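For the protein sequence lines, the chains are A and B, in the order given.
Under this note's numbering, the residue at position 133 of the first sequence is numbered 275, and the numbers go up by one with no gaps.
Under this note's numbering, the residue at position 48 of the second sequence is numbered 62, and the numbers go up by one with no gaps.
Yeah, the Cβ is synthetic: ideal placement off N, Cα and C, and Gly gets one too.
None of the values given here were measured: they were computed from a predicted structure.
The next block holds one structure in the form of structure tokens; read it before the comments.
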Amino acid sequence: MIARILLLILCLAFSGCAAKGTTVVLLKDLDGSVGQVQVSTPAGTQKLSAAGHSTRVSDSSAAPDVLRTLDQKKIEREFGPVLQAMPNPPETFLLYFEFGRSELTAESKPVPPMIIEAITRRNSRDVRINGHSDTIGQREDNARLSLERAEGARDVLIKEGVDPSIMQVFSHGEGNLLIPTADDTPEPRNRRVEVLVR
Amino acid sequence: MHLFMLLVLSFILHTGTAHAAPDVAGFIKTSEGSGQILRAGDVIAATIGDVLYVSDTVTTSDQSTLGIMLEDDTVISLGPNSRLELSDFAFAPQEEKFSIAIRLLKGSFAYMSGVIGRLAPEKVHLETPDAVIAVHGTRFLVRVVE
Numbered sequence: 143m144i145a146r147i148l149l150l151i152l153c154l155a156f157s158g159c160a161a162k163g164t165t166v167v168l169l170k171d172l173d174g175s176v177g178q179v180q181v182s183t184p185a186g187t188q189k190l191s192a193a194g195h196s197t198r199v200s201d202s203s204a205a206p207d208v209l210r211t212l213d214q215k216k217i218e219r220e221f222g223p224v225l226q227a228m229p230n231p232p233e234t235f236l237l238y239f240e241f242g243r244s245e246l247t248a249e250s251k252p253v254p255p256m257i258i259e260a261i262t263r264r265n266s267r268d269v270r271i272n273g274h275s276d277t278i279g280q281r282e283d284n285a286r287l288s289l290e291r292a293e294g295a296r297d298v299l300i301k302e303g304v305d306p307s308i309m310q311v312f313s314h315g316e317g318n319l320l321i322p323t324a325d326d327t328p329e330p331r332n333r334r335v336e337v338l339v340r
Numbered sequence: 015m016h017l018f019m020l021l022v023l024s025f026i027l028h029t030g031t032a033h034a035a036p037d038v039a040g041f042i043k044t045s046e047g048s049g050q051i052l053r054a055g056d057v058i059a060a061t062i063g064d065v066l067y068v069s070d071t072v073t074t075s076d077q078s079t080l081g082i083m084l085e086d087d088t089v090i091s092l093g094p095n096s097r098l099e100l101s102d103f104a105f106a107p108q109e110e111k112f113s114i115a116i117r118l119l120k121g122s123f124a125y126m127s128g129v130i131g132r133l134a135p136e137k138v139h140l141e142t143p144d145a146v147i148a149v150h151g152t153r154f155l156v157r158v159v160e
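Put into structure tokens, the structure is as follows:
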């Protein structure tokens, strides 16, 4: 008992010495918005919904502690190395084609040079070309259509000088809508090709 | 000679079909110091560009960190002395097949949701030895002390 109290005092004196358990801290998204995280044990749930919100669970039989709000400085101090190690999220570019043709729309024409700039800057060897469709028509037809779209985009990028060996083509069909719609809804903004430079 | 080549070829083709390559779940994107991938009893030194598969465990030691990107663009990093198990992963939007199950066993982690977190947040299962964490499309930090 005395040993435990001594240990506790030592831990309080040196903040680097953490006690057993799980701590979760919510951060702002890169676009500035804030999502939500729920931390649960069989004994209770705590909902984190503001940047810096933090809770701690000492073990699975205890309920999560009441929320605290950590400031940026404390977060940096306690999580510096792991934040530093975060890979840059992929950069996303959207390409749209003229209806029923393999030619990019006027708005999309300046995008391939931007893609090439991102590949060069990140020294990326991992470029994903995801074809998408809207929800009009059959699911299988949309899978095929969106694959054709993605292959068309790959051909455009090859022509612009991107190394084909770093590109992978995927078809998401109607399973990953940019603008959520009901089934059988025409939505030109969903008929897109997404290029991810990873 | 030709017969031998045929035998080799048929062997390659046969094993190729009998043991279809497991699906790629993600890649190592950043690495400092000596991180490791534990796979089916093997210990592999983690380097940038290495592929991760379901059931892999990833570890770091003193002064080492790793950054992972999963196929749905979920991004996770491990601070020093950390251990993470990728229990399950599936990402096939065409078939609306989504799954992420990760165990954060010890150490520090930063997590940023990807496409699955946006399309099917209920399919993201994160757990530590103490708690389960439900994610609604966001970025957060976790520290687990054993």
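### Message
Would you call the stretch 48 to 56 of chain B in contact with the stretch 100 to 120 of chain B, where contact means no fewer than 3 C-beta pairs closer than 8 Å?
### Response
no
### Query
Can you tell me whether DSSP reads GLN280(A) as helix, strand or coil?
coil
### Query
For the alpha helix (DSSP H) that GLN214(A) lies in, which residues bound it at each end?
Boundaries of the alpha helix (DSSP H) harbouring GLN214(A): 214 to 226, taken from the DSSP string.
### Query
So, do the stretch 307 to 326 of chain A and the stretch 266 to 278 of chain A have three or more beta carbon pairs nearer to each other than 8 Å?
Judged by Cβ distances under 8 Å, the stretch 307 to 326 of chain A makes contact with the stretch 266 to 278 of chain A, as three or more pairs qualify.
### Query
If you compare alpha carbons, which of VAL335(A), VAL298(A), GLY315(A), THR277(A) is closest to ASP326(A)?
The shortest C-alpha separation from ASP326(A) is found at THR277(A).
### Backbone secondary structure at ALA81(B) - three-state DSSP
Going by the sequence as given, residue 81(B) is Gly instead of Ala. Here GLY81(B) sits in strand by DSSP.
### Query
Looking at C-beta atoms only, is the number of pairs between the stretch 328 to 340 of chain A and the stretch 147 to 154 of chain B that lie closer than 8 Å three or more?
no
### Task
Would you mind giving the Cβ-Cβ distance between ILE42(B) and THR61(B), rounded to the nearest angstrom? I have them listed as a contact below 8 Å.
7 Å
### Task
Would you mind telling me which residues of chain A sit closer than 7 Å to THR142(B), beta carbon to beta carbon, in chain order?
In chain order: THR164.
### Cut-off 8 Å between Cβ atoms - residues of its own chain near ASP306(A), not counting five sequence neighbours on either side
Correcting the residue type first, residue 306(A) is Pro in the shown sequence and not Asp. The residues are ARG296, ILE300.
### Task
Would you decide whether GLN108(B) is buried or exposed? Buried here means 16 or more other CB atoms lie within 10 Å of its CB.
buried
### Query
Got a sec: is the Cβ-Cβ distance from GLU99(B) to anything in chain A below 8 Å?
no
### Message
Determine whether the beta carbon atoms of GLY121(B) and LEU92(B) lie at a separation below 8 Å.
### Response
Yes. Within cutoff.
### Query
With a CB to CB cut of under 6 Å and the five nearest residues on each side skipped, what residues in its chain are close to VAL156(B)?
LEU118, PHE123
#### Entry: Sub-8 Å separation of PHE239(A) and GLY315(A) beta-carbons
no
### Query
Which value, in whole angstroms, describes the spacing of the CA atoms of ARG263(A) and ALA185(A)?
49 Å
### Task
Would you list, in chain order, the members of the stretch 306 to 325 of chain A that have their beta-carbon closer than 7 Å to a beta-carbon of chain B?
SER313, HIS314, GLY315, GLY317, ASN318
### Test item: CB-CB of ALA145(B) and VAL199(A) under 8 Å
yes
### Query
With a cut-off of 8 Å, does the C-beta of THR277(A) fall near any C-beta of chain B?
no
### Task
In the DSSP assignment, find the beta strand (DSSP E) that holds GLU316(A) and state where it starts and stops.
Per DSSP, GLU316(A) belongs to no beta strand (DSSP E) and is neither H nor E.
### Message
With H, G and I counted as helix, E and B as strand and the rest as coil, what does DSSP make of THR262(A)?
### Response
When secondary structure is reduced to three states using DSSP, THR262(A) falls in the helix class.
### Task
Throw me the rounded Cβ distance for the LYS137(B) and ILE130(B) pair, which I believe falls under 8 Å.
6 Å
### Message
Check for me: the beta strand (DSSP E) holding GLY121(B) runs from which residue to which?
### Response
111 to 126
### Query
Between ASP70(B) and chain A, is there a C-beta pair that is closer than 8 Å?
no
### Task
Please state if the CB of SER191(A) and the CB of ARG210(A) are separated by a distance shorter than 8 Å.
no
### Query
Does the beta carbon of LYS161(B) sit closer than 8 Å to a beta carbon anywhere in chain A?
This structure cannot settle anything about residue 161(B), because the visible part of chain B is limited to 15 through 160.
### Query
Mind pulling the chain A residues with CB within less than 7 Å of LEU52(B)?
Scanning chain A for C-beta atoms nearer than 7 Å to the C-beta of LEU52(B) yields nothing, as the closest lies near 19 Å away.
#### Entry: Any chain A beta carbon closer than 8 Å to ALA161(B)
Outside the shown range of chain B (15 to 160) lies residue 161(B), about which nothing can therefore be said.
### Query
Is SER250(A) helix, strand or coil by DSSP?
In the three-state reduction of the DSSP assignment, SER250(A) falls in the coil class, being assigned neither a helical nor a strand state.
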